[in-house]
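J.:
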Amino acid sequence: MQQQRRKLMMGLGLGLMSRRPLAAPQSRPLLRVLAWPGYAEPEVIKSFEQSSGASVELTLIDSDLDLWQKMNAKQGANFDVFAVNTAELQRYIGQGLVAPIERALIPNLALQLPRFRQAAAIPGLNAGQDVLGVPFAFAEMGLIYDRRQLQKAPDSIAALWDPGLSRRVVAYNGGTHNFSLAAQSLNLPVPFRLSDKDWAPAVDRLIALRRNAAGFYTQPEESVALFKSRQAALMFANFGRQQLLLLKAAGVDAAYVIPKEGALAWLDCWVISLAAQQNSPLAHAWINHLLGESASQLLSSRQGLGNTTQETPDYPAGDKLIWLQTVENEARRNHLWHRILSGDRAAKVLAP
129 MQQQRRKLMM GLGLGLMSRR PLAAPQSRPL LRVLAWPGYA EPEVIKSFEQ SSGASVELTL
189 IDSDLDLWQK MNAKQGANFD VFAVNTAELQ RYIGQGLVAP IERALIPNLA LQLPRFRQAA
249 AIPGLNAGQD VLGVPFAFAE MGLIYDRRQL QKAPDSIAAL WDPGLSRRVV AYNGGTHNFS
309 LAAQSLNLPV PFRLSDKDWA PAVDRLIALR RNAAGFYTQP EESVALFKSR QAALMFANFG
369 RQQLLLLKAA GVDAAYVIPK EGALAWLDCW VISLAAQQNS PLAHAWINHL LGESASQLLS
429 SRQGLGNTTQ ETPDYPAGDK LIWLQTVENE ARRNHLWHRI LSGDRAAKVL AP
């Protein structure tokens, strides 16, 4: 679901590295960490090793599928702690790969911003009374517009359907998120759970988006080329602020806004492997360390991501964010979107 958003932002110069090259001395405890590039910077690892007396073995992943496959090997016994987004976490819980978080062992939870302290209010973070993850990194999917064409910032998702912007809108080529956008524009209460009666209006809405759009992209670089070549005025930023930076670098007078309906947003959490209970105290210490000031600052300054302990100008606390959740039927969303993009009429799109 989310792997493409990371490739440009965090993969440069890091994608070829999978593990730290030197094995840890056997005389020291070993913590095995599985994470995205940029989540555990070298100086962060070094300071943790110095403070804990342990060695860290870092394994990097490049997609949600890669993470799933690595954690399923030997039922997660190869790793002590890993990073996963809330939309994916429930399937790890269902597979019996996740241990509950002992909040008392993570005093830096007190440093987190208010929106991240209430675990019960974050969908996908809990199983019964247990908290299964600690929020760490996030980014949202806002709107980007060309200030030379639009003097007033768009304030609603509905702008993607504005007939006044016909053929000047660039949108994302993906069924999962596009059906959530359609649900937002229809004021449905939960954009990730379409009921039987919601599918037809959502399909109609996405057919209207196809007709209004100048084109659809799958990669950040492609979105910039499309935005410029079609002289677009507005874009749905599936990859968030990294697309804003790319557009500015390409000479576009671009600006970024969060629509009033709220922006779809992903939230990555640190999670402890159930199969590695002997290292649970060390894993909790790692999470506590990663919530510290230095690691949080590096996450935002180097990776352009929001961290959960510090408000930044790019990620103010007042933004309305809608955390991604597992959708009701991802395969159906993508199948219907393919039909919509191919130019089918509503009746044919929904035909069995």
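Note that the sequence shown covers residues 129 to 480 in the working numbering. Built from N, CA and C at the ideal position, the CB exists for glycine as well. Computed from a predicted model, the values in this text were never measured in an experiment.
(1) Let me know the secondary structure DSSP gives V97 once reduced to three states.
(2) Which first and last residues belong to the alpha helix (DSSP H) in which W196 is found?
(3) Identify, in the order they occur along the chain, each residue of the same chain with its Cβ nearer than 6 Å to the Cβ of H466, setting aside the five sequence neighbours on each side.
(4) Closest to L271 by C-alpha separation, out of L464, L392 and W414, would be which residue?
(5) Can you name, in chain order, every residue of its own chain whose Cβ lies under 7 Å from the Cβ of V331, other than the five neighbours on each side?
(6) If you drop the 5 nearest sequence neighbours on each side, which residues of the same chain put their C-beta closer than 7 Å to that of L239?
(7) According to DSSP, P242 sits in a beta bridge with which residue or residues?
(8) Using 8 Å for Cβ pairs, my map puts A299 next to L337. What's the rounded Cβ distance?
(9) With a threshold of 8 Å on Cβ separation, who are the neighbours of D555 within its own chain once the five nearest residues in sequence on each side are excluded?
(10) So D208 packs on A404, CB below 8 Å; how close in whole Å?
(11) Can you tell me which of the three DSSP states N306 falls into?
(12) Could you tell me if N340 is buried or exposed, where buried requires 16 or more neighbouring beta carbons within 10 angstroms of its beta carbon?
(13) Smallest Cα separation from N416: which of Q178, L237, G434 and E216?
(14) Does the distance from the CB of G261 to the CB of V399 come in under 8 Å?
(15) Kindly indicate which three-state DSSP category I386 falls into: helix, strand or coil?
(16) Using 8 Å as the Cβ pair cut-off and three pairs as the minimum, do the stretch 246–264 and the stretch 283–303 touch?
(17) When the Cα atoms are used, what is the spatial distance from L362 to Y443?
T.: For this structure:
(1) Examination of residue 97 is not possible in this model, given that the chain is present from 129 through 480 alone.
(2) Here the question's residue 196 lines up with position 68 in the sequence shown. First-last of the alpha helix (DSSP H) with W196: D192 to N200.
(3) For the purposes of this step, residue 466 is taken as residue 338 along the sequence shown, with counting starting at 1. Cβ within range, chain order: n/a, list empty.
(4) As a position in the sequence shown, residue 271 is number 143, starting the count at 1. The option with the nearest alpha carbon to L271 is L392.
(5) The sequence position of residue 331 within the sequence shown is 203, counting from 1. Excluding sequence neighbours, V331 sits near L464, I468, A474, V477 and L478.
(6) The residue labelled residue 239 in the question sits at position 111 within the sequence shown. So the list reads L419 and T437, once near-sequence residues are dropped.
(7) Numbered from its first residue, the sequence shown carries residue 242 at position 114. Per DSSP, none; premise fails for P242.
(8) Residue numbering aside, residue 299 sits at position 171 when the sequence shown is read from its first letter. Residue numbering aside, residue 337 sits at position 209 when the sequence shown is read from its first letter. Yes, they are in contact, since the Cβ atoms of A299 and L337 sit about 6 Å apart, within 8 Å.
(9) With the chain covering 129 to 480 only, the question about residue 555 has no answer from this structure.
(10) Locating residue 208 in the sequence shown gives position 80, where the first residue counts as 1. Locating residue 404 in the sequence shown gives position 276, where the first residue counts as 1. That pair is a contact at about 4 Å.
(11) Residue 306 sits at position 178 when you count from the first residue of the sequence shown. Of the three classes helix, strand and coil, the one that applies to N306 here is helix, per DSSP.
(12) As a working mapping, residue 340 is identified with position 212 in the sequence shown. Result: buried.
(13) Numbered from its first residue, the sequence shown carries residue 416 at position 288. Cα-wise, what sits closest to N416 is L237.
(14) Here residue 261 refers to the residue found at position 133 when the sequence shown is read from its first residue. Here residue 399 refers to the residue found at position 271 when the sequence shown is read from its first residue. It is a contact, given that the beta carbons lie within the stated cut-off.
(15) Residue numbering aside, residue 386 sits at position 258 when the sequence shown is read from its first letter. Three-state DSSP puts I386 in coil, outside helix and strand.
(16) no
(17) Here residue 362 corresponds to residue number 234 of the sequence shown, with the count starting at 1. Here residue 443 corresponds to residue number 315 of the sequence shown, with the count starting at 1. Distance between the alpha carbons of L362 and Y443 is about 21 Å.
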